[in-house]
Every structure is written in C-alpha cells, then in structure tokens.
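Structure record follows, encoded as structure tokens.
Protein chains: 2
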Amino acid sequence: MQFNIDATQNKARACTIKTAHSTIQTPVFMPVGTQATVKALDANDMLSLGAQIILGNTYHLYLRPGSKLIKKFGGLHGFSKFPNSFLTDSGGFQAFSLSDNSKPDENGIMFRSHIDGSKHYFTPQSVLDTQYDLGSDIMMILDDLVALPNTKERIKLSIERTTKWAQEAIKYHKEQQAKGIGLEQNIFAIIQGGIDKEFRKLSAQQLCALEDYDGFAIGGLSVGEANEDMYDTVEWTTQFMPTDKPRYLMGVGTPEDLIENIDRGVDMFDCVMPTRNARNGTLFTSFGRVNIKKACFKEDEKPIDETCECYTCKNFSKAYLNHLFRAGEITYFRLASIHNIHYYLDLMRQAREAILQQRWPEFKKEFYAKRSK
Amino acid sequence: MQFNIDATQNKARACTIKTAHSTIQTPVFMPVGTQATVKALDANDMLSLGAQIILGNTYHLYLRPGSKLIKKFGGLHGFSKFPNSFLTDSGGFQAFSLSDNSKPDENGIMFRSHIDGSKHYFTPQSVLDTQYDLGSDIMMILDDLVALPNTKERIKLSIERTTKWAQEAIKYHKEQQAKGIGLEQNIFAIIQGGIDKEFRKLSAQQLCALEDYDGFAIGGLSVGEANEDMYDTVEWTTQFMPTDKPRYLMGVGTPEDLIENIDRGVDMFDCVMPTRNARNGTLFTSFGRVNIKKACFKEDEKPIDETCECYTCKNFSKAYLNHLFRAGEITYFRLASIHNIHYYLDLMRQAREAILQQRWPEFKKEFYAKRSK
Chain A
1 MQFNIDATQN KARACTIKTA HSTIQTPVFM PVGTQATVKA LDANDMLSLG AQIILGNTYH
61 LYLRPGSKLI KKFGGLHGFS KFPNSFLTDS GGFQAFSLSD NSKPDENGIM FRSHIDGSKH
121 YFTPQSVLDT QYDLGSDIMM ILDDLVALPN TKERIKLSIE RTTKWAQEAI KYHKEQQAKG
181 IGLEQNIFAI IQGGIDKEFR KLSAQQLCAL EDYDGFAIGG LSVGEANEDM YDTVEWTTQF
241 MPTDKPRYLM GVGTPEDLIE NIDRGVDMFD CVMPTRNARN GTLFTSFGRV NIKKACFKED
301 EKPIDETCEC YTCKNFSKAY LNHLFRAGEI TYFRLASIHN IHYYLDLMRQ AREAILQQRW
361 PEFKKEFYAK RSK
Chain B
374 MQFNIDATQN KARACTIKTA HSTIQTPVFM PVGTQATVKA LDANDMLSLG AQIILGNTYH
434 LYLRPGSKLI KKFGGLHGFS KFPNSFLTDS GGFQAFSLSD NSKPDENGIM FRSHIDGSKH
494 YFTPQSVLDT QYDLGSDIMM ILDDLVALPN TKERIKLSIE RTTKWAQEAI KYHKEQQAKG
554 IGLEQNIFAI IQGGIDKEFR KLSAQQLCAL EDYDGFAIGG LSVGEANEDM YDTVEWTTQF
614 MPTDKPRYLM GVGTPEDLIE NIDRGVDMFD CVMPTRNARN GTLFTSFGRV NIKKACFKED
674 EKPIDETCEC YTCKNFSKAY LNHLFRAGEI TYFRLASIHN IHYYLDLMRQ AREAILQQRW
734 PEFKKEFYAK RSK
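Chains as they are written, first to last, in the numbering used here: chain A, 1 to 373; chain B, 374 to 746.
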C-alpha cells in the first residue's frame with residue numbers, strides 16, 4: 001500500500017492510498033457492502049457513483065456464502081465484480097452484536113451463527129485466514145469489544161487483550177506473507193478504550209508501536225455516547241497516531257460526524273447510514289435531511305436536491321419517490337440508495353478539494369450554513 | 374393509432390402499432406408496471422431492455438397516488454419518466470380480485486379499497502376518465518368479470534353486461550374526443566365468455582361489431598383452466614376478431630403460452646410472470662426454467678444462460694445470484710427481473726423475426742427442442 005499526504009490544513013488531511021485494486025483519495029467514505037453487495041445496488045452502480053473502496057463484513061461472508069467459495073471466484077472482487085478496493089472488518093463486531101451468545105476468552109471469540117445457531121470460534125489468526133480468502137485490500141484485526149458502560153477492569157482487560165491479539169495478528173500476517181500469502185493485502189489495527197482518555201492513549205500507544213501495521217483505526221465509538229464525547233475522543237486519540245499512515249474511524253456516521261472528524265485528522269469512514277436511512281425514507285442533502293415519506297412531497301415535481309448531480313435527482317421527482325416509497329416498491333430502495341451514497345461520496349470529494357485548496361475552515365462553515373437556512 | 378400487418382404465416386402475425394409515444398412491433402410482451410414502475414426496475418432499465426410498451430394497473434394508480442396527481446405530471450409518461458407507450462387496464466379485474474367485497478350491478482362495480490377500506494364505484498365512463506388522466510396510449514374498458522366455474526345464467530349476464538358497458542364506453546369515448554379529450558388515446562374492448570365456445574363467439578361478435586374500437590382483447594383466461602382449454606378458446610375466438618386490428622390476450626403467461634398463442638393469432642401479451650417469478654427465484658432461459666435457489670448453483674461460475682445478452686448474464690455468475698437470493702439482498706430482485714424481462718422481450722423479437730422470415734413453424738419447433746434437451 002502506498003500512502004501519500006497530498007495536503008493538510010490544521011488537522012484535516014487530504015491523502016492518497018494506492019492498493020493493488022484502486023487509488024483511494026481521502027477523506028474517503030466507504031459504503032457498506034455487508035454481504036458482497038451494497039444493499040439495493042450492484043458493482044456497476046458503485047463504479048458509476050465513483051466508489052474507490054467499499055466495506056465487506058467478514059462475519060457475514062464467513063457464514064454465507066463462505067470465504068472458501070469467495071476465494072474460488074478470485075475473492076470479493078471476482079465474486080461481486082467490483083474492481084476497486086475492499087476493506088473487510090474482522091468479524092468481531094458482528095460476532096459480538098448479532099450472535100445470541102458470544103463469549104470472548106484469552107484467545108478469541110466463541111459465538112453462535114445468527115443464521116443457524118452453529119458454533120464458531122474467531123481468533124486473531126483465523127479472521128486473517130478468512131480475509132486472505134476474501135482477498136480484501138485492507139484487513140481489520142480481531143479486537144475485544146465491550147458493551148458500554150462497563151467496569152474499568154473490563155475495559156482494561158479489553159485493551160490488554162486487543163493489544164495481545166494485535167501482536168499475534170501482525171506476527172501471523174508477516175509469517176503468512178513470508179509464505180506468499182496476502183502479499184497485496186494490508187492490515188489495520190483497531191484502537192479501543194471507550195471515551196476514557198487514559199485508556200485511549202494506552203491503546204493507541206501500544207498498537208501504534210507495532211510498526212508493521214499499514215494503518216490504524218479508532219473503534220468502539222458511535223455506540224451511543226454523546227457526539228461531543230465522540231469528537232473529543234477522536235481529537236485526543238489522533239495525536240497518538242502516526243501521521244504517515246491512514247487513520248480510519250469505524251462505523252461513523254452522519255454527514256456532520258464526517259466533517260467534524262475530518263477536522264480532527266481522520267482520513268477514512270464507513271457507515272450503514274446512507275443506505276439504511278435511504279431505505280427508511282431519509283435522504284441527505286446539502287441543506288439537511290429530507291423525509292421523503294412526508295405528505296408535502298406528494299405533488300413535488302422537483303428532485304430531492306436541485307443542485308445534486310446523481311442519477312436519481314437527474315431523472316426523478318420527489319413526488320415519484322414519495323409514491324414508490326408509500327407503495328412499497330423495490331425500485332425506491334435503489335433510487336434512494338444511489339442518492340444517499342452519491343451525497344456521501346460527493347461530500348468527501350468536496351472536503352478533499354477544500355483541503356487541497358486550503359479553504360477547509362471556510363468549507364466547514366459553508367457546510368453548516370447551508371443546513372441552518 | 375396506426376396498425377400495419379408486416380407479415381403473417383399460418384395464423385401467426387408480425388404487426389406494427391404506432392401510438393403517440395412509440396412504435397410497437399408485435400408479437401409484443403408488455404411488462405407489468407402495476408404502480409407506475411415495473412417492480413425492482415426504473416424507466417431507464419425498461420428502455421435499456423427495449424420495452425416498447427408497459428402495462429399500468431388503473432385500480433392501483435387510481436387509489437395511489439391517484440390519477441389526478443399523475444395527470445399533473447403529464448400522465449404516466451411524465452410521472453414515471455418512461456417515454457414509450459403505456460397500456461392501462463380498466464381496474465375491473467383488481468376491483469374484482471383484490472377488494473374484500475366488490476359488487477357489480479347494471480351500471481358498474483362497487484368495491485372497497487384493499488389499502489384503506491374506502492368505498493369506490495367504477496363505471497364504464499369513470500374508468501375512462503381515470504385513464505384519460507393517466508394518459509395511457511391504450512385504454513381497456515370495464516368488463517363484468519365472473520369467477521369460474523359459474524352458472525350459465527351468470528356467464529350470460531356477464532356477457533350482456535360487458536357488451537352494454539362496451540357500447541357505453543365507446544359512446545363516451547367518442548363524446549370525450551369530440552371535446553378534445555383523449556385524442557391520442559386508443560381504446561380496446563374485452564371479449565369474455567370463459568371457455569364456452571358459444572359465449573365466446575357471442576361476445577366476440579357483439580364487441581367486434583363496435584367498429585370504433587382500436588383493438589380487441591381476450592379476457593378471462595389463464596384463471597385456472599387447463600392450458601389446452603385456454604389455447605382452444607383463443608384459437609376459436611380469434612376467428613371472430615377483425616384481422617385489421619391488434620389482438621391482445623390478457624394476463625398470459627408462460628413462454629410456452631406466448632408461443633402457442635402467437636400461433637393462434639395473438640399479437641399482444643402481458644403477465645406478471647417474468648417479474649414475479651424472478652423475485653421467487655425462477656429464471657427463464659431458452660433451455661427452460663432455472664431455480665436459482667438450488668444448492669447446485671452455489672459455486673456455479675457461469676451466467677444464468679451463456680447465450681443470453683442481458684446485463685445480468687453479461688456481468689454476474691449464478692453463484693453470485695444464488696448468494697444474493699439466499700442472503701435476501703434487494704440487489705437480487707433487480708438483476709433477476711432484468712434477466713427475465715430480457716428473456717420475454719427477446720423471445721418476442723425472435724418470434725417476430727421468424728414470422729417476417731417465414732420460418733415460424735421451424736422457430737416453434739426449435740423453441741420446444743431446446744427445452745426438451
């Protein structure tokens with residue numbers, strides 16, 4: 001993976017990441033393609049939208065269709081036909097959140113499949129094996145997640161375990177690469193610690209000392225804490241992260257969250273929000289959110305956003321989308337998802353331009369000004 | 374509407390219909406776009422598939438979003454952005470089949486909305502008013518449907534009523550056109566009579582005597598009768614229909630049904646089968662049906678049909694479609710619907726070519742030969 005910082009302004013960064021499959025320009029938002037597809041869209045839709053990288057969920061793909069099957073198709077790229085980069089998570093988060101009973105121990109996480117109740121065990125090594133099969137360009141390592149709020153002891157254990165697993169993971173990855181496996185795959189560690197500054201510092205310092213990692217993520221946020229706590233934690237944590245590697249804030253968030261965290265030095269984001277909210281009727285625009293279900297849009301001949309260049313806005317009225325939503329038409333899900341993903345990707349392209357042109361503070365001000373009109 | 378017979382062979386016909394919105398080459402299959410969209414697809418998808426005409430359901434559109442609203446958008450064309458032709462049914466069939474309690478009388482059909490239970494009354498005149506608002510290129514008239522089997526008396530009443538309503542409808546349409554309404558809209562009557570030859574003859578003769586109609590449909594078939602009975606009824610009925618106007622067999626059917634009824638002189642078809650079956654996992658090919666859910670396709674790298682030129686077959690494997698179906702991904706519905714509609718439209722294009730080239734019997738033979746392999 002090549003990494004270059006193209007420009008910075010205050011803490012905001014515009015970088016370029018080159019993987020074996022694509023050039024990724026940051027700040028970047030990675031649409032979530034949980035089960036080898038971004039919901040309601042296909043590989044060509046994602047290319048048309050200009051997605052340079054999408055996220056796949058290891059837990060889901062491991063269970064169905066299985067990583068061995070995906071490997072036979074040349075990994076996620078060959079299976080889904082999306083030629084740009086994939087980042088895959090470790091599976092730990094879903095094992096933790098979706099499984100009826102998941103149990104971490106010193107060596108990994110035991111869990112039962114949410115599909116058929118079958119028993120599985122993820123270790124720092126096994127989740128990499130799965131991700132070698134998936135052929136992801138960026139692999140995330142297994143971390144020990146804890147529900148918040150929790151005791152200091154449990155959070156401390158989580159950080160110790162996460163560091164231990166990170167040490168094991170990078171060791172295993174280097175051994176595998178020495179055998180010719182995963183040579184074009186990159187690996188990121190995940191900083192934990194809730195919203196506790198000392199824990200975050202400790203976790204960041206321990207993990208960032210592992211210099212073979214290609215990048216670092218901030219995990220365990222956007223799980224119900226106040227927005228200000230999330231922003232403060234990110235701001236605090238990034239100072240302990242190296243500048244010469246990508247910084248990825250996992251599972252975040254709203255357009256406002258993205259802007260605030262770019263401002264605090266984050267390069268990469270992912271979130272189900274644009275696609276999930278699209279399906280629920282919430283559409284994102286430069287002037288705020290639009291609830292397409294509303295009766296006031298029933299006869300509205302205008303597109304969602306008259307300044308938007310997306311396929312949906314170029315072709316269809318709010319009235320038509322309102323009708324499709326109310327009538328429960330599947331067509332709605334695709335058109336709404338296209339709009340929301342376009343909004344997120346375009347916001348990142350604009351943010352990058354602003355940083356490159358050294359007008360990031362003005363851009364941020366305009367971003368909020370448009371919304372408060 | 375301009376109508377031209379381009380070629381015939383035995384009873385099979387290749388015709389051209391020109392409406393205000395498109396040139397329709399027959400035999401033609403009209404994909405069903407019940408609620409102003411073909412399920413899982415949009416107007417541009419339908420254009421890419423080469424659809425020259427699609428069907429909208431008056432009952433659904435009347436109830437939601439309402440025909441007055443659609444009129445404001447320039448009819449179905451403006452609302453959905455599909456620029457080619459629309460045929461709309463009268464609404465009678467859905468009022469009959471979807472409503473909890475529909476009740477026909479001498480003047481129309483009283484029914485309750487399946488959405489909110491509200492009470493509505495369709496008359497031969499009112500369903501045309503709705504269709505003027507929808508701006509459909511071909512309007513179907515209200516007919517008196519009866520559940521089969523039924524008494525001779527009830528079927529006789531249905532035919533008398535259908536003829537009476539057809540007389541009222543064409544009178545009303547001509548009056549409206551004299552006022553400048555619906556000038557570019559065409560109107561088809563619907564022959565009823567179940568599978569009773571005398572009733573079919575009577576209905577056909579009474580309706581086809583109404584020379585102002587632009588075309589005639591055979592209704593009330595594919596409702597559970599044996600296939601042979603359907604084919605016999607069509608063969609019997611077409612002899613009483615004029616040759617210089619389009620013949621439309623409503624709600625039919627399988628690829629085999631289309632071939633058999635082209636062979637018996639039918640020009641136009643519609644059916645939910647390609648889209649509904651796609652969503653249920655059944656895909657149509659030249660060699661028969663493929664159940665994409667089957668475990669044998671889990672690792673199948675080939676497309677649904679290697680000879681198929683559709684977007685789905687050009688891009689995705691059966692394994693990927695099998696996975697998307699099993700994982701419940703919305704993306705599957707679009708890809709499968711594209712394939713099935715392409716199959717139906719392409720079958721009609723091939724049938725037309727065969728008739729034009731006077732090799733219809735050979736084409737029919739090959740059609741079956743490929744399926745029995």
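Cβ coordinates follow ideal geometry from the N, Cα and C atoms, glycine included.
**OP:** Could you tell me which of B:Asp640, B:Lys547 and B:Thr461 sits nearest to Thr399 of chain B, measuring between CA atoms?
**Re:** Per the Cα distances, B:Asp640.
**OP:** Check the Cβ-Cβ distances between Ile703 of chain B and every residue of chain A, and say whether any is below 8 Å.
**Re:** Yes, because at least one Cβ of chain A sits closer than 8 Å to the Cβ of Ile703 of chain B.
Original post:
Quick one, which residues of the segment 322-349 of chain A are near chain B if we go by CB-CB under 9 Å, in chain order?
Top reply: Cβ contacts with chain B: Asn322, His323, Leu324, Arg326, Ala327, Gly328, Glu329, Ile330, Thr331, Tyr332, Phe333, Arg334, Leu335 and Ser337.
Original post:
Residues of chain A with a CB under 8 Å from the CB of Ser453 of chain B: which are they?
Top reply: Within chain A, the residues near Ser453 of chain B are Tyr320.
Subject >> Residues within the segment 80-94 of chain A neighbouring chain B, beta-carbon criterion of under 9 Å >> reply: Within the segment 80-94 of chain A, the residues whose Cβ lies closer than 9 Å to some Cβ of chain B are Ser80 and Lys81, listed in chain order.
Original post:
Of all Cβ atoms in chain A, is any one closer than 8 Å to the Cβ of Leu442 of chain B?
Top reply: At least one beta carbon of chain A lies nearer than 8 Å to the beta carbon of Leu442 of chain B.
**OP:** Note down the Cα distance separating Ser97 of chain A from Lys370 of chain A, rounded to an integer number of angstroms.
**Re:** Spanning the two alpha carbons is a distance of roughly 36 Å.
Original post:
Ends of the alpha helix (DSSP H) at Met46 of chain A?
Top reply: Unbroken alpha helix (DSSP H) run through Met46 of chain A: Ala43 to Ser48.
Subject >> Helix, strand or coil at Lys103 of chain A [DSSP, three-state] >> reply: Strand at Lys103 of chain A.
**OP:** Would you kindly check if the distance between the Cβ of Gly593 of chain B and the Cβ of Gln565 of chain B is under 8 Å?
**Re:** Their beta carbons are under 8 Å apart, which means Gln565 of chain B touches Gly593 of chain B by this criterion.
Original post:
Would you say Asn664 of chain B faces chain A, with C-beta separation under 8 Å as the test?
Top reply: Not closer than 8 Å to any Cβ of chain A, the Cβ of Asn664 of chain B fails to qualify, so no.
Subject >> Within 8 Å, strictly: CB atoms of Leu583 of chain B and Asp42 of chain A >> reply: The beta carbons of Leu583 of chain B and Asp42 of chain A sit no closer together than 8 Å.
Original post:
Helix, strand or coil for Leu221 of chain A per DSSP?
Top reply: Here Leu221 of chain A sits in coil by DSSP.
**OP:** Take Arg732 of chain B as the anchor and find which of B:Ala387, B:Asn600 and B:Val596 has the nearest alpha-carbon.
**Re:** Nearest to Arg732 of chain B by C-alpha distance, out of B:Ala387, B:Asn600 and B:Val596, is B:Ala387.
Original post:
What is the rounded straight-line gap between the Cα of Arg64 of chain A and the Cα of Ala692 of chain B?
Top reply: So the two alpha carbons sit approximately 12 Å from each other.
Subject >> Contact list for the segment 644-672 of chain B against chain A, Cβ threshold 9 Å >> reply: Taking 9 Å as the upper bound on Cβ-Cβ separation, chain A lies near residues Arg652, Lys671 and Glu672 of the segment 644-672 of chain B.
Original post:
Is there contact between the segment 331-351 of chain A and the segment 593-608 of chain B, where contact requires at least three CB pairs shorter than 8 Å?
Top reply: Three or more beta-carbon pairs separated by less than 8 Å are not found between the segment 331-351 of chain A and the segment 593-608 of chain B, which leaves the two stretches without contact.
Original post:
Which ranges does the alpha helix (DSSP H) cover as unbroken runs of at least 4 residues, wholly within the segment 493-521 of chain B, from first to last along the chain?
Top reply: Whole alpha helix (DSSP H) segments, 4+ residues: 497-507.
**OP:** Below 8 Å CB to CB, which residues in the same chain sit around Phe287 of chain A once its five sequence neighbours on both sides are set aside?
**Re:** Close CB contacts of Phe287 of chain A within its chain, under the 8 Å cut and outside five residues either way in sequence, are with Asp305, Lys370, Arg371 and Lys373 (chain order).
Original post:
Roughly how many whole angstroms lie between the Cα atoms of Lys71 of chain A and Ala562 of chain B?
Top reply: So the alpha carbons of these two residues sit roughly 58 Å apart.
Subject >> CB contact check: Pro395 of chain A to chain B, cutoff 8 Å >> reply: The requested residue 395 of chain A does not occur in the structure, where chain A is confined to residues 1 to 373.
Subject >> Three-pair Cβ contact test at 8 Å for the segment 128-136 of chain A versus the segment 48-68 of chain A >> reply: Touching, per the Cβ criterion.
Original post:
Going by the CB atoms, is the gap between His696 of chain B and Leu656 of chain B shorter than 8 Å?
Top reply: No; because the gap between Cβ atoms is not below 8 Å, this pair is not in contact.
Original post:
Relative to the alpha-carbon of Gln185 of chain A, which residue among A:Met139, A:Leu148 and A:Glu153 has its alpha-carbon at the smallest distance?
Top reply: Comparing Cα positions, the closest option is A:Met139.
Original post:
Ordered along the chain, which non-local residues of its own chain (more than five positions away) have a Cβ less than 6 Å from that of Gly253 of chain A?
Top reply: Close CB contacts of Gly253 of chain A within its chain, under the 6 Å cut and outside five residues either way in sequence, are with Ser222 and Cys271 (chain order).
**OP:** Give me the Cα-Cα distance between Lys18 of chain A and Gln2 of chain A, rounded to the nearest whole angstrom.
**Re:** Taken atom to atom, the span from the alpha-carbon of Lys18 of chain A to that of Gln2 of chain A is near 5 Å.
Original post:
From the beta carbon of Glu301 of chain A, is the nearest beta carbon of chain B less than 8 Å away?
Top reply: Closer than 8 Å to some Cβ of chain B, the Cβ of Glu301 of chain A qualifies, so yes.
Original post:
Is the beta carbon of Ile355 of chain A sitting closer than 8 Å to the one on Ala7 of chain A?
Top reply: For Ile355 of chain A and Ala7 of chain A, yes; Cβs fall inside 8 Å.
Subject >> Between the CA atoms of Ile187 of chain A and Gln125 of chain A - distance to the nearest angstrom >> reply: So the two alpha carbons sit approximately 12 Å from each other.
**OP:** Take the Cβ of Gln35 of chain A as the centre, count every other Cβ of all protein chains shown within 10 Å, and call the residue buried at 16 or more, exposed below.
**Re:** Buried: at least 16 other Cβ atoms inside 10 Å.
Original post:
Counting only runs that start and end within the segment 167-225 of chain A, where is the beta strand (DSSP E) found for 3 or more residues in a row?
Top reply: Counting whole runs of 3 or more residues, the segment 167-225 of chain A contains the beta strand (DSSP E) stretches 186-191 and 215-218.
Original post:
Can you tell me the Cα-Cα spacing of Gln578 of chain B and Trp538 of chain B, whole angstroms?
Top reply: Here the alpha carbons of Trp538 of chain B and Gln578 of chain B stand approximately 15 Å from one another.
Subject >> Residue range of the beta strand (DSSP E) that includes Thr655 of chain B >> reply: Run containing Thr655 of chain B: Thr655 to Thr658, per the beta strand (DSSP E) assignment.
**OP:** Look at Ala40 of chain A and Ser337 of chain A and say whether their C-beta atoms are less than 8 Å apart.
**Re:** Contact: yes.
**OP:** Could you give the DSSP three-state label for Thr685 of chain B: helix, strand or coil?
**Re:** Here Thr685 of chain B sits in helix by DSSP.
Original post:
Taking the C-alpha atoms as reference points, what is the distance between Asn291 of chain A and Asn277 of chain A?
Top reply: In a straight line, the C-alpha of Asn291 of chain A is about 10 Å away from that of Asn277 of chain A.
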